[in-house]
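> Here's a structure for you.
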(Lines of atoms letter the chains of each structure in order from A; the text may use other names.)
(Lines give C-alpha, C1' and ligand atoms only; values in the text may rest on other atoms or scores of the structure.)
Protein backbone atom coordinates (compact mmCIF):
# COMPACT_ATOMS: atom_id res chain seq x y z
CA UNK A 569 0.00 0.00 0.00
CA UNK A 570 1.40 3.35 -1.06
CA UNK A 571 1.27 6.47 1.09
CA UNK A 572 -0.64 9.43 -0.32
CA UNK A 573 1.99 11.87 0.98
CA UNK A 574 5.44 12.06 -0.60
CA UNK A 575 8.43 11.07 1.50
CA UNK A 576 10.48 14.14 2.46
CA UNK A 577 14.13 14.40 3.29
CA UNK A 578 14.88 15.43 6.88
CA UNK A 579 16.48 18.74 5.91
CA UNK A 580 13.46 19.82 3.84
CA UNK A 581 10.97 19.72 6.70
CA UNK A 582 10.38 23.13 8.22
CA UNK A 583 9.87 22.96 11.98
CA UNK A 584 8.85 26.09 13.85
CA UNK A 585 11.63 27.20 16.23
CA UNK A 586 9.17 27.25 19.16
CA UNK A 587 8.66 23.46 18.88
CA UNK A 588 11.98 22.90 20.67
CA UNK A 589 13.37 26.26 21.79
CA UNK A 590 17.14 26.44 22.02
CA UNK A 591 18.91 28.87 24.30
CA UNK A 592 22.51 29.83 24.83
CA UNK A 593 23.84 28.53 28.14
CA UNK A 594 25.19 30.93 30.73
CA UNK A 595 27.72 30.24 33.46
CA UNK A 596 24.80 29.37 35.76
CA UNK A 597 23.98 26.48 33.36
CA UNK A 598 27.48 24.99 33.61
CA UNK A 599 26.39 22.07 35.83
CA UNK A 600 23.52 21.13 33.46
CA UNK A 601 25.84 21.26 30.44
CA UNK A 602 28.44 19.21 32.35
CA UNK A 603 25.89 16.56 33.31
CA UNK A 604 24.75 16.13 29.70
CA UNK A 605 28.33 15.97 28.37
CA UNK A 606 29.29 13.45 31.04
CA UNK A 607 26.22 11.33 30.20
CA UNK A 608 27.19 11.48 26.51
CA UNK A 609 30.68 10.15 27.14
CA UNK A 610 29.50 7.48 29.57
CA UNK A 611 26.85 6.27 27.11
CA UNK A 612 29.58 5.60 24.54
CA UNK A 613 32.19 4.34 27.02
CA UNK A 614 34.43 7.35 26.41
CA UNK A 615 36.51 8.85 29.21
CA UNK A 616 35.10 11.78 31.15
CA UNK A 617 36.76 13.77 33.91
CA UNK A 618 33.38 13.83 35.69
CA UNK A 619 30.77 16.49 36.23
CA UNK A 620 32.68 18.46 38.89
CA UNK A 621 35.71 19.00 36.64
CA UNK A 622 33.52 19.71 33.61
CA UNK A 623 31.39 22.20 35.56
CA UNK A 624 34.48 24.14 36.67
CA UNK A 625 35.86 24.20 33.10
CA UNK A 626 32.53 25.21 31.62
CA UNK A 627 32.06 28.08 34.08
CA UNK A 628 35.38 29.47 32.86
CA UNK A 629 34.84 28.73 29.15
CA UNK A 630 31.20 29.76 28.77
CA UNK A 631 32.09 33.21 30.08
CA UNK A 632 34.67 33.69 27.30
CA UNK A 633 34.49 34.31 23.55
CA UNK A 634 35.61 30.96 22.17
CA UNK A 635 33.02 28.46 23.42
CA UNK A 636 29.23 28.47 23.24
CA UNK A 637 26.96 25.84 24.75
CA UNK A 638 23.37 25.54 23.56
CA UNK A 639 20.60 23.81 25.52
CA UNK A 640 17.15 22.58 24.60
CA UNK A 641 14.38 21.31 26.84
CA UNK A 642 13.33 22.34 30.33
CA UNK A 643 14.96 20.75 32.15
CA UNK A 644 17.69 20.46 29.53
CA UNK A 645 17.56 17.24 27.48
CA UNK A 646 20.04 18.17 24.77
CA UNK A 647 23.25 20.11 24.40
CA UNK A 648 25.47 21.40 21.62
CA UNK A 649 28.97 22.79 22.18
CA UNK A 650 30.61 25.01 19.59
CA UNK A 651 34.10 26.45 19.58
CA UNK A 652 35.36 29.39 17.54
CA UNK A 653 38.94 30.27 16.65
CA UNK A 654 40.73 32.56 14.19
CA UNK A 655 41.21 31.01 10.76
CA UNK A 656 43.78 32.01 8.16
CA UNK A 657 41.67 30.62 5.26
CA UNK A 658 38.50 32.59 5.98
CA UNK A 659 37.72 36.13 7.03
CA UNK A 660 35.57 34.93 9.90
CA UNK A 661 36.32 32.36 12.59
CA UNK A 662 36.54 28.63 12.15
CA UNK A 663 33.50 27.12 13.87
CA UNK A 664 33.51 23.54 15.16
CA UNK A 665 30.55 21.66 16.57
CA UNK A 666 32.46 19.77 19.24
CA UNK A 667 29.50 17.99 20.81
CA UNK A 668 25.81 17.42 20.10
CA UNK A 669 23.90 15.17 22.48
CA UNK A 670 20.26 14.38 23.18
CA UNK A 671 19.18 12.02 25.96
CA UNK A 672 18.53 8.55 24.50
CA UNK A 673 14.81 8.38 25.31
CA UNK A 674 14.17 11.65 23.47
CA UNK A 675 16.06 11.02 20.24
CA UNK A 676 14.07 11.11 17.03
CA UNK A 677 11.89 13.97 18.32
CA UNK A 678 13.90 16.71 16.56
CA UNK A 679 15.73 18.10 19.58
CA UNK A 680 18.99 17.40 17.72
CA UNK A 681 17.62 19.15 14.63
CA UNK A 682 16.77 22.25 16.69
CA UNK A 683 20.24 22.30 18.28
CA UNK A 684 22.01 21.85 14.93
CA UNK A 685 19.97 24.55 13.20
CA UNK A 686 20.70 27.00 16.02
CA UNK A 687 24.41 26.07 15.92
CA UNK A 688 24.47 26.85 12.17
CA UNK A 689 22.61 30.12 12.70
CA UNK A 690 24.96 31.19 15.49
CA UNK A 691 28.08 30.27 13.48
CA UNK A 692 26.81 32.34 10.53
CA UNK A 693 25.97 35.21 12.86
CA UNK A 694 29.53 35.17 14.19
CA UNK A 695 30.92 35.31 10.65
CA UNK A 696 31.96 31.69 10.12
CA UNK A 697 32.00 30.42 6.53
CA UNK A 698 31.73 26.74 7.52
CA UNK A 699 30.76 24.63 10.50
CA UNK A 700 33.01 21.60 10.93
CA UNK A 701 31.98 18.42 12.73
CA UNK A 702 34.02 15.32 13.57
CA UNK A 703 32.10 12.03 13.50
CA UNK A 704 33.32 8.50 14.22
CA UNK A 705 33.47 6.52 10.97
CA UNK A 706 31.42 3.59 12.28
CA UNK A 707 28.69 5.88 13.66
CA UNK A 708 26.43 5.57 10.61
CA UNK A 709 23.31 6.96 12.33
CA UNK A 710 25.11 10.18 13.25
CA UNK A 711 26.71 10.45 9.83
CA UNK A 712 23.29 10.02 8.23
CA UNK A 713 21.85 12.73 10.54
CA UNK A 714 24.48 15.30 9.51
CA UNK A 715 24.29 14.38 5.83
CA UNK A 716 20.51 14.86 5.94
CA UNK A 717 21.22 18.38 7.22
CA UNK A 718 23.54 19.23 4.31
CA UNK A 719 26.94 18.30 5.76
CA UNK A 720 29.47 16.41 3.62
CA UNK A 721 32.69 14.53 4.28
CA UNK A 722 34.16 15.11 0.82
CA UNK A 723 35.36 18.36 -0.67
CA UNK A 724 33.79 19.47 -3.96
CA UNK A 725 35.28 17.44 -6.78
CA UNK A 726 37.03 14.94 -4.48
CA UNK A 727 36.27 11.23 -4.66
CA UNK A 728 37.67 10.27 -1.26
CA UNK A 729 36.32 11.33 2.14
CA UNK A 730 38.17 13.69 4.44
CA UNK A 731 39.78 12.25 7.54
CA UNK A 732 40.46 13.61 10.99
CA UNK A 733 43.73 12.67 12.67
CA UNK A 734 44.83 13.24 16.23
CA UNK A 735 47.65 12.36 18.57
CA UNK A 736 47.53 12.28 22.36
CA UNK A 737 50.07 14.74 23.73
CA UNK A 738 49.86 13.75 27.39
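Numbering (our numbering), first residue to last: 569 to 738.
Using N, Cα and C, we set each Cβ at its ideal position, and we do this for glycine too.
#1: Residues in the same chain with beta-carbon distance under 7 Å from residue 593, minus the five sequence neighbours each way, listed in chain order, please.
#2: For residue 603, which three-state DSSP category applies?
#3: Since residue 638 is in the alpha helix (DSSP H), which residue starts that stretch and which ends it?
#4: Excluding the 5 residues flanking residue 687 on each side, which residues of the same chain have their C-beta closer than 6 Å to its C-beta?
#5: Only counting runs of 4 or more residues, tell me where the alpha helix (DSSP H) segments fall wholly within the stretch 625–712, in order along the chain.
#6: Determine the burial state of residue 597: buried for a count of at least 16 other Cβ atoms within 10 Å of its Cβ, exposed for fewer.
#7: Considering residue 590, what are the terminal residues of the beta strand (DSSP E) in which it resides?
Reading it off the structure:
#1: These residues qualify, in order along the chain: 601, 630, 637, 638, 639.
#2: Here residue 603 sits in helix by DSSP.
#3: Where residue 638 is concerned, there is no enclosing alpha helix (DSSP H), although the beta strand (DSSP E) it sits in stretches over 635–640.
#4: Answer for residue 687: 648, 650, 665, listed in chain order.
#5: The stretch 625–712 contains these whole alpha helix (DSSP H) runs: 679–693.
#6: Result: buried.
#7: 590–592 is the span of the beta strand (DSSP E), which, as asked, contains residue 590.
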